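Counting along the sequence shown from 1, when you hit position 118 you're at 117 in numbering that gives the first Met the number 0, and nothing is skipped either side.
This report concerns only the one structure given below.
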Amino acid sequence: MRGRALPAEHRDRGQVTIEFLGMTPMIIVTLVVMWQLVLVGYTFTLAGNAADEAVRAGTAVAPGARQAACEAAGRRHLSAAWSGNAQVTCGGSGFVTADVRLKVPVLFPGAIAFPFTVEGHAGAVEEEKGD
Numbered sequence: 000m001r002g003r004a005l006p007a008e009h010r011d012r013g014q015v016t017i018e019f020l021g022m023t024p025m026i027i028v029t030l031v032v033m034w035q036l037v038l039v040g041y042t043f044t045l046a047g048n049a050a051d052e053a054v055r056a057g058t059a060v061a062p063g064a065r066q067a068a069c070e071a072a073g074r075r076h077l078s079a080a081w082s083g084n085a086q087v088t089c090g091g092s093g094f095v096t097a098d099v100r101l102k103v104p105v106l107f108p109g110a111i112a113f114p115f116t117v118e119g120h121a122g123a124v125e126e127e128k129g130d
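Pasting the structure below:
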């Protein structure tokens, strides 16, 4: 039996299983990296939307109440995972600007975050209020 060659259908038996087990870590790493890129993109989207909402609210109120209204509007559409570390600032007179800074979560929103922030910026001309 030792010197006899195996038939062609038996030579590769188990090869697919071994190759799959070897590729499994690469497949998992690829999926994790893709998910993290989705979270980065979603954080950019949230920051831009929050800045738009904040500047819209900032143009609707008097300059003295601008920061409070701006911050409340900027945080309104953020979930707790992003709202906890969010920084919303408004400023300007005549041309109102809003800046939102959010931290990018690592794999799961609400757990830990990367040490860098994603920024969203928006601006709008303040319209005069008619009497």
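Just so it is clear, CB atoms sit at the ideal spot from N, CA and C, and this is done for glycine as well.
Keep in mind it's a predicted model, so treat the numbers as computed, not measured.
query	result
Could you pull the DSSP bridge partners for residue 76 from this structure?	The partner list for residue 76 (beta bridge, DSSP) is empty, contrary to what the question assumes.
Return the residue from the list 21, 57 and 18 that minimises the CA-CA distance to residue 98.	57
Buried or exposed: which applies to residue 42, given that a residue is buried once 16 or more other Cβ atoms fall within 10 Å of its Cβ?	buried
Give me, in chain order, the residues of the same chain whose beta-carbon lies closer than 6 Å to that of residue 120; leave out the 5 immediate sequence neighbours on both sides.	50 and 98
Can you tell me whether residue 110 is buried or exposed, with buried defined as 16 or more other CB within 10 angstroms of its CB?	exposed
Whole angstroms is fine: what's the gap from residue 88's alpha carbon to residue 46's?	12 Å
Would the beta-carbon of residue 94 fall within 8 Å of that of residue 124?	yes
Using the C-alpha atoms, what's the distance from residue 67 back to residue 116?	22 Å
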